[in-house]
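Some notes on the structure that comes next.
There are 2 protein chains.
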Amino acid sequence: MNRARAEAVLREARVDVVVGTTYANVFYLTGYVGFSQRLMPTTQVYAVARADRLDEPVLIAPIGDLDMHAQLPAAIGRLRPYGHFYVHLGEEERDPELLRYREIVSSDPGGSAAQALLDELGALPPASRIALDERGISAEVRDAVRARFGERVADGAALLDRVRMVKTPEEIRRLEASALVMERSIAAAIAAAREGVSESEMARVFDTSTIASGSAPYFTVIAFGERSALPNAVPTTGRRLRRGDQIRFDVGCYTEMYGSDISRTAVLGEPSPKVRAYYGAILAGEERMLEVMRPGITARDVFHEAMRATQEAGIPHYERHHVGHGVGLDVYDLPIIAPASEAALEPGMVFEIETPYYEVGFGGVQVEDTVVITDAGCRRLTRSARELVVIA
Amino acid sequence: MNRARAEAVLREARVDVVVGTTYANVFYLTGYVGFSQRLMPTTQVYAVARADRLDEPVLIAPIGDLDMHAQLPAAIGRLRPYGHFYVHLGEEERDPELLRYREIVSSDPGGSAAQALLDELGALPPASRIALDERGISAEVRDAVRARFGERVADGAALLDRVRMVKTPEEIRRLEASALVMERSIAAAIAAAREGVSESEMARVFDTSTIASGSAPYFTVIAFGERSALPNAVPTTGRRLRRGDQIRFDVGCYTEMYGSDISRTAVLGEPSPKVRAYYGAILAGEERMLEVMRPGITARDVFHEAMRATQEAGIPHYERHHVGHGVGLDVYDLPIIAPASEAALEPGMVFEIETPYYEVGFGGVQVEDTVVITDAGCRRLTRSARELVVIA
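So this is what it looks like as structure tokens:
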């Protein structure tokens, strides 16, 4: 967690307590990973963090999930379990992980998530102002909290979005690792490119490589030829690679909880003049972003720079609603590099930058890389060449 | 979609219109797969279905996502896109998928999800009663719908849960396919069991097999020896297999959108008498469920039968909060086989049945299978032997 930033954001918003409720926000505030929360999205897990004691959050989670806490010794805060779960406590155990687990499950807390949250919020200093992350909480519990605390409660997801915009060194390390996994998997898939291979065969090579890296596949857009015009193309068994096809990769995974969203374009055989020209234009757009991204510039200005560069470099009719976005615990973190975004870039922000072009009847070309804003400018976290890949 | 059941459930609840908002419920009502909805969980996608016209739902989705609609020719209903997205319409295109996409993206609808939903609900016959799935809609849009339509709106997720409890033949086919993928992956992982292999190495073999089957890994609990007592054990690089260790698998994937949740227990070498005895007891509990599950019996009665059988067969102190759950578009569908569930079983319900036992200081033993309720009883969809696996 970026604690200094969290304190500043909460202070500025005059918030005394923030309640994280999504998988990502609970992890961000406590280091806890809600296994059941991901498996059964209705599972309620909350992190209640006082602005003046961010290192002592309260974690409200179902007791049946809390072996995850025993498995995550770095998770911080006090546990407030709820519900029932049966684990027999048998013979002596010396393994530290299982000793922690034994201690956690020796209670049978009962009760519900709603009751646990209302209790914890009720025990706060009177008049505390509460920012309640509205995205992961059930509608019923949100309604109950608002009914009980009235004006003292406001939605809080946007505040946590703002805190999470600026990454810590550890977050940057994980984002870099996630991007590198995608680059390796793209290389593995390109190595499998040959006439007749199907999109889905190539996607399996890709996903297998991602898993071999210890990461979790998240989205794998691999599309050939005319199908590369479909922004969210699902790999098919039917479309097989032919000479002259472009292959558009737009892919992401999760590595140690952190996301990535990387793109490359390859061609089997000699690229058409149009593919070469248009790819050159979008690469010029990305290149321009790498030149101008630095602390202080607004996302809007970066957007316009990229648009102009892409248009001037060979796609005069180029249009786009955004040319990049933050990346972190979610693949789309803030800020978005879009015409309406007045956010000024800050050191430690990490972006996926991209200038994709889709044309029905032609296909798509795309290049997308991870960059971190530094004190002086920006630094690319990806390492592979960004040129159009020509497969002999 | 189980249309007859949907009509009956909505009629009984006196609901005129149901609005699905989660990834699963939108798919259920329309056949549409919200790519961005999965990628960016804040993305708003809605299926607005009149109870008297369930085959003509309205699909509200961001225009940038709607190439998914072109890729899913079987999706039903009318499109109501919102937002902006730029795709150039170039040379002529004869591919039917891209022709559909060209038609979809030739409009630039603008506006927001909230506006689109308020418009569609406003165009309904006056006094229509609206069931709004509260689980996938943003808090802001839910608040806006309630403010505008007041008493006419109620939360609707529970109604859709109830509809989805009874599966169609096509859903059963997919659930069977999903379970079989897990059985194959368990077999692949067991084939890789040998002294010194780590939990995470075995998990990679497992996930690679799942991907080779064209399915998406979802959760992979593979735990050795004492760690098998952790219900949600995350495979580690540190714990390596030793002779005498039990290996507990609790694993699930998604196949054609449908989930699975299967468990087996294996031992490298000779199982201890306690592992043999306790595994025998939990298998007797599962066996008892296979004997008693039939139309008309309540989930509560199934629960008590399984508990008693497990206790009598060798774990007298056996306790458990549930011994199974529905499975479908979510890995936890309703009903849950639990002491408080009065739901009566019906033909077409599909369950994961399980009698797991966890003991700190000993480990865990588990067996879990997919069963469908038939007219006369139940039928197992899994095919592998359910006995304790002994690896020589």
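If you read the sequences in order, they're chains A and F.
With this note's numbering, letter number 132 in the first sequence gets 133, and the count goes up by one each step, no holes.
With this note's numbering, letter number 373 in the second sequence gets 374, and the count goes up by one each step, no holes.
Every residue gets a Cβ at the ideal spot worked out from N, C-alpha and C, and that includes glycine.
{"Check": "Sheet register partners of G35(A) (DSSP bridge)", "Outcome": "For G35(A), which the question treats as bridged, DSSP gives no partner whatsoever."}
{"Check": "Reference E94(F), options V368(A), G362(A) and V390(A), closest by Cα", "Outcome": "G362(A)"}
{"Check": "Chain-ordered chain F contacts of R165(A) [CB-CB under 9 Å]", "Outcome": "The contacting residues do not exist; R165(A) stays about 13 Å from chain F at best."}
{"Check": "Partner residues on chain F for A232(A), Cβ-Cβ distance less than 7 Å", "Outcome": "First, the amino acid is wrong: residue 232(A) is Pro here, not Ala. Near P232(A) (Cβ distances below 7 Å), the residues of chain F are G65 and D68."}
{"Check": "Cross-chain neighbours of G91(A) in chain F, by beta carbon under 8 Å", "Outcome": "E360, V361, G362 and F363"}
{"Check": "Nearest-angstrom beta carbon gap, V268(A) and D246(A) [assumed within contact, 8 Å]", "Outcome": "7 Å"}
{"Check": "Contact check, Y255(A) vs S216(A), beta carbons under 8 Å", "Outcome": "yes"}
{"Check": "Runs of beta strand (DSSP E) lying entirely within the region 144-224 of chain A, each at least 3 residues, in chain order", "Outcome": "154-156"}
{"Check": "Partners in chain A for L99(F), counting only beta-carbon separations shorter than 9 Å", "Outcome": "E227, R228, A230, L231, V361 and G362"}
{"Check": "Beta-carbon spacing of L284(A), V368(A) below 8 Å", "Outcome": "yes"}
{"Check": "Option in T211(A), A155(A) and M2(A) with minimal Cα separation from P170(A)", "Outcome": "M2(A)"}
{"Check": "Contacts around V10(A), its chain only, beta-carbon distance under 7 Å, and the 5 residues preceding and following it disregarded", "Outcome": "L160, R163 and V164"}
{"Check": "CB contact check: F304(F) to chain A, cutoff 8 Å", "Outcome": "no"}
{"Check": "Proximal chain A residues relative to I212(F), where beta-carbon distance stays under 8 Å", "Outcome": "R205, D208, T209, I212 and P218"}
{"Check": "Buried or exposed by the 16-neighbour rule on C-beta atoms within 10 Å, applied to G151(F)", "Outcome": "exposed"}
{"Check": "CB contact below 8 Å: D376(F) versus chain A", "Outcome": "no"}
{"Check": "Contact check, Y83(F) vs A117(F), beta carbons under 8 Å", "Outcome": "yes"}
{"Check": "Residue of R309(F), L330(F) and G329(F) minimising C-alpha distance to R321(F)", "Outcome": "R309(F)"}
{"Check": "Any beta strand (DSSP E) of 3 or more consecutive residues that is wholly inside the region 268-302 of chain A", "Outcome": "none"}
{"Check": "Partner residues on chain F for L40(A), Cβ-Cβ distance less than 7 Å", "Outcome": "F220 and V332"}
{"Check": "H1(A) versus I392(F): straight-line alpha-carbon distance, rounded", "Outcome": "In the structure displayed, chain A extends from 2 to 393; residue 1(A) sits before or after that span and is not available."}
{"Check": "Proximity below 8 Å, CB of I131(A) to CB of V18(A)", "Outcome": "yes"}
{"Check": "Min CB distance D251(A) to chain F below 8 Å", "Outcome": "no"}
{"Check": "DSSP-derived helix/strand/coil call for G249(F)", "Outcome": "Correcting the residue type first, residue 249(F) is Arg in the shown sequence and not Gly. Strand."}
{"Check": "Closest residue to I187(A) among G157(A), P218(A) and E196(A) (Cα-Cα distance)", "Outcome": "P218(A)"}
{"Check": "Endpoints, alpha helix (DSSP H) assigned at A115(A)", "Outcome": "A114 to G123"}
{"Check": "Three-pair Cβ contact test at 8 Å for the region 45-54 of chain A versus the region 12-27 of chain A", "Outcome": "yes"}
{"Check": "Proximal residues to I173(A) (C-beta, below 8 Å), its chain only, five neighbours per side dropped", "Outcome": "G349, V351, V373 and L382"}
{"Check": "Simplified DSSP assignment, three categories, for H414(A)", "Outcome": "Absent from the structure is residue 414(A), since the part of chain A shown begins at 2 and ends at 393."}
{"Check": "Length of the line joining the Cα atoms of A213(F) and R205(A)", "Outcome": "6 Å"}
{"Check": "Rounded C-alpha distance that separates F225(A) from Q312(A)", "Outcome": "25 Å"}
{"Check": "Within-8 Å CB hit, E13(A) to chain F", "Outcome": "no"}
{"Check": "heavy atom of the ligand NAD below 7 Å from A341(F) C-beta", "Outcome": "What this structure holds is no ligand at all, so the ligand NAD is not there to describe."}
{"Check": "Integer-rounded CB distance, given that D109(F) should sit under 8 Å from H85(F)", "Outcome": "6 Å"}
{"Check": "Euclidean distance between Cα positions of E353(A) and T371(A)", "Outcome": "5 Å"}
{"Check": "7 Å Cβ cut-off: residues of chain A touching E320(F)", "Outcome": "Y87"}
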